[in-house]
Amino acid sequence: MATEIYIPDEKDLSILRILQKDAKLSIRDIAVRINLSPTPTHERIKRLEKLGIIKGYTTVVDRKKINKGMMVICMVALNVHNKKTAGVFIEQVGRLKEVVEFYNISGEFDFMLKILAANMDDFHEFFVNKLSEIEGIGQTKSIFVMNSIKESYQII
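Under UniProt numbering, the first residue of the sequence shown carries the number 1, and numbering increases by one thereafter.
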């Protein structure tokens, strides 16, 4: 089943750029910025939501201010490469609140996890008592992020 691709026009792209910077703006404020009246602006936003282009609205939190200052990128290779093992791994990792991003990748490793922790002790506790307890893991490699140079949620 192929996913239908919608090609947004310049007004839709403008709306998306604006919402990525500040999703709290009113329809009226967005309409003024794109030189369109509020009703068609609202209809465009609703269409973008219905099509799944706008997947949701969220709040960006400063992780350091809530005691999640350590970021770790963990690469995982499974010891068995089959649908069942991968499915179990994906399902179990998907439930771990410490894992904030989770990707299936190619190359030497099968998965990449972005993990947030308070500190090294917190990460160690997570790694030993949660992640390493998941069956099917053959190899891991943890990379400790020293500083975030750029973090962006704007793709347009």
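Cβ atoms here follow ideal geometry from the backbone N, Cα and C, with glycine treated the same way.
T140 sits in a strand when the DSSP states are folded into three classes. In the DSSP assignment, K114 falls within the beta strand (DSSP E) that extends over F111 to A117. When C-alpha distances from K114 are compared across C74, I105 and L16, the shortest belongs to C74. Burial check for I45: the Cβ neighbour count within 10 Å reaches 16 or more, so the residue is buried.
In the three-state reduction of the DSSP assignment, A86 falls in the helix class. The region 82-97 makes no contact with the region 142-153; the number of CB pairs closer than 8 Å stays below 3.
Under the three-state reduction of DSSP output, E108 falls in the coil class, being neither helix nor strand. Following the DSSP letters along the chain, one finds V61 in no beta strand (DSSP E), marked with neither H nor E. C-alpha of Q139 to C-alpha of I7: approximately 41 Å in a straight line. The C-beta of D12 has 16 or more other C-beta atoms within 10 Å across all chains shown, which makes the residue buried. Ranked by Cα distance from S106, the options Q92, L78 and F126 are led by L78. Collapsing the DSSP output to three states places E91 in a helix.
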